[in-house]
Amino acid sequence: MSTTLFIHLGFIVSSFAYENIALEKPAYQQYPYTGPGPANHLVEASNAVDGLKSNLSIWGGQCVLSDNNKQTATWWVNLTSILGIHHVTIYYRTEVYGWD
């Protein structure tokens, strides 16, 4: 009589990632930039939630710029529903210089 033994090795891998719940949501700012320079769409509030962060220079189209001579620079995003927030990440304008 022949007996066959099968050994099955299985691995369970668990992975967790956080979803960007602000991505492409409506964004607003208290004092949008109105000064000279290229078109204002390059510095509007929605740039902060477009998911792009490869060109963080002032006119790269991926930053938000508030108007000059204001005491506050308030920006907010409408998440469109009630959600739990784990953390908030803010990328500051770098003029395309790397972080030290």
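All letters in the sequence shown, in the order written, are residues -17 to -1, 1 to 83 by mature numbering (1 follows the signal peptide of the UniProt record, and there is no 0). Glycine is no exception: its CB is placed at the ideal position from the N, C-alpha and C atoms. Owing to the predicted nature of the structure, the values given are computational and were not obtained by experimental measurement.
By the C-beta density criterion, residue 54 is exposed, having fewer than 16 other C-beta atoms within 10 angstroms. Comparing C-alpha distances from residue 63 to each of 46, 7 and 78 shows the shortest one belongs to 7. Here the alpha carbons of residue 36 and residue 74 stand approximately 8 Å from one another.
In this structure, residue 28 places its C-beta atom within 7 Å of the C-beta atom of residue 47.
Ranked by Cα distance from residue 33, the options 3, 19 and 12 are led by 3.
For a cut-off of 8 Å, the C-beta gap from residue 50 to residue 18 is around 7 Å, short enough to register as a contact. In the DSSP secondary-structure assignment, residue 15 is bridged to 49. Within the same chain, Cβ atoms closer than 6 Å to the Cβ of residue 59 are found at 11, the five residues on either side in sequence being excluded.
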